[in-house]
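Student: Take a look at this one; I'll ask things after.
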Amino acid sequence: DVKVTQSSRYLVKRTGEKVFLECVQDMDHENMFWYRQDPGLGLRLIYFSYDVKMKEKGDIPEGYSVSREKKERFSLILESASTNQTSMYLCASSLRDVLAVYEQYFGPGTRLTVT
Amino acid sequence: QKEVEQDPGPLSVPEGAIVSLNCTYSNSAFQYFMWYRQYSRKGPELLMYTYSSGNKEDGRFTAQVDKSSKYISLFIRDSQPSDSATYLCAMNRNQGGKLIFGQGTELSVKP
Numbered sequence: 007d008v009k010v011t012q013s014s015r016y017l018v019k020r021t022g023e024k025v026f027l028e029c030v031q032d033m034d035h036e037n038m039f040w041y042r043q044d045p046g047l048g049l050r051l052i053y054f055s056y057d058v059k060m061k062e063k064g065d066i067p068e069g070y071s072v073s074r075e076k077k078e079r080f081s082l083i084l085e086s087a088s089t090n091q092t093s094m095y096l097c098a099s100s101l102r103d104v105l106a107v108y109e110q111y112f113g114p115g116t117r118l119t120v121t
Numbered sequence: 042q043k044e045v046e047q048d049p050g051p052l053s054v055p056e057g058a059i060v061s062l063n064c065t066y067s068n069s070a071f072q073y074f075m076w077y078r079q080y081s082r083k084g085p086e087l088l089m090y091t092y093s094s095g096n097k098e099d100g101r102f103t104a105q106v107d108k109s110s111k112y113i114s115l116f117i118r119d120s121q122p123s124d125s126a127t128y129l130c131a132m133n134r135n136q137g138g139k140l141i142f143g144q145g146t147e148l149s150v151k152p
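Protein chains in written order, with my numbering: chain V, 7 to 121; chain F, 42 to 152.
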């Protein structure tokens, strides 16, 4: 059974704190993604990684950074959390193979509240 | 204008109804069209995908793509309460695997 796990289901942080969201996949996928999901806005891509130590900005990278030191693990970092980063954060992974690349496997999400 | 537009609903139908979910898009370069289903408090999961124009059927689900109109649809026949979820359309940006998602349509099927 394929699995993408995220470190927390719910997280409450204070404005200005540094926040780490961790994602681990056990499918040996090359690609990993971080999205945020907000009502009325759908899923928006924050960052994307297609290999270890490689990263690419998505549509809304401002205020975020990422780290991928191992193939199975992709971390999202909020350098200084702000209230407008309150959201549901979803991690996903996929194969790089051209026939499978569009099937992304998602984790259950982390609901982050910044107060 | 957003690249992908999807009516967020909510959409409420009785059990057994035929459901039609739709997305429009503006970028004619999109080639792969996906439908993801997201149950409450879960991550999305891929339901179906089609390449270019045409229809694809999988059980009670049919995905349809009309590239000339930049319009995609998902039909659910004989809808069941277990189909209650948010349905997100998605399209490929490029060959690298990045997707752009619609806002999602919340569907409720009442017994």
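Heads up, the beta-carbon is just placed ideally off N, CA and C, and yes, glycines get one too.
Between which two residues does the beta strand (DSSP E) containing D107 (chain F) stretch?
Tutor: First-last of the beta strand (DSSP E) with D107 (chain F): F102 to D107.
Student: Please confirm if Y16 (chain V) has its CB atom under 7 Å from at least one CB of chain F.
Tutor: With 7 Å as the cut-off, Y16 (chain V) does not count as an interface residue toward chain F.
Student: Closest Cβ-Cβ distance between S100 (chain V) and chain F: below 7 Å?
Tutor: Answer yes: the Cβ-Cβ gap between S100 (chain V) and chain F drops below 7 Å somewhere.
Student: If you count every other CB in all the chains shown that lies within 10 Å of the CB of P45 (chain V), and 16 or more means buried, which is it?
Tutor: The residue is exposed, with fewer than 16 neighbouring Cβ atoms inside 10 Å.
Student: Identify which residue in V:D57, V:L17, V:L47 and V:V18 has its Cα closest to the Cα of D80 (chain V).
Tutor: Before going on, a small fix: residue 80 (chain V) reads as Phe here, not Asp. Checked all of V:D57, V:L17, V:L47 and V:V18; the closest Cα to F80 (chain V) is V:D57.
Student: Please classify I59 (chain F) as buried or exposed, where buried requires at least 16 neighbouring CB atoms within 10 angstroms.
Tutor: Flag for I59 (chain F) reads exposed.
Student: Starting from A126 (chain F), follow the beta strand (DSSP E) in both directions and report where the run begins and ends.
Tutor: Run containing A126 (chain F): A126 to N133, per the beta strand (DSSP E) assignment.
Student: Thinking C-alpha only, which one of F:N68, F:K139, F:T127 and F:L88 is nearest S109 (chain F)?
Tutor: Here the closest residue by C-alpha is F:N68.
Student: Classify P55 (chain F) as helix, strand or coil using the three-state DSSP reduction.
Tutor: Note: P55 (chain F) maps to strand in three-state DSSP.
Student: Counting Cβ pairs closer than 8 Å, one from the segment 103–120 of chain F and one from the segment 84–104 of chain V, do we hit at least three?
Tutor: The segment 103–120 of chain F vs the segment 84–104 of chain V: no contact.
Student: Return the residue from the list F:D48, F:A104 and F:V54 that minimises the CA-CA distance to D150 (chain F).
Tutor: Note on identity: in this sequence residue 150 (chain F) is Val, with Asp being the wrong assignment. When only C-alpha atoms are compared, the closest one is F:V54.
Student: Provide the residue span of the beta strand (DSSP E) that contains L101 (chain V), from first to last.
Tutor: Counting along the chain, L101 (chain V) falls outside any beta strand (DSSP E), and DSSP gives it neither H nor E.
Student: Is N133 (chain F) close to chain V? Criterion is C-beta to C-beta, closer than 7 Å.
Tutor: Yes, its Cβ sits closer than 7 Å to a Cβ of chain V.
Student: Do you know how far the Cα of L84 (chain V) is from the Cα of S125 (chain F)?
Tutor: One C-alpha to the other measures close to 33 Å.
Student: For chain F, check one thing: does any of its Cβ atoms lie closer than 7 Å to the Cβ of G48 (chain V)?
Tutor: Cβ-Cβ to chain F under 7 Å: yes for G48 (chain V).
Student: Which bits of chain V does P152 (chain F) rub up against, with CB to CB less than 7 Å?
Tutor: Simply none; closest approach about 26 Å.
Student: Please report the straight-line C-alpha distance between L52 (chain F) and E147 (chain F), rounded to a whole angstrom.
Tutor: If I take the Cα positions, the gap works out to 6 Å.
Student: With burial defined as no fewer than 16 other Cβ atoms inside 10 Å of the residue's Cβ, what is the status of S123 (chain F): buried or exposed?
Tutor: Exposed is the call here.
Student: If we ignore side chains and look at the alpha-carbon of each, how far apart do C97 (chain V) and G113 (chain V) end up?
Tutor: Roughly 5 Å between the two C-alpha positions.
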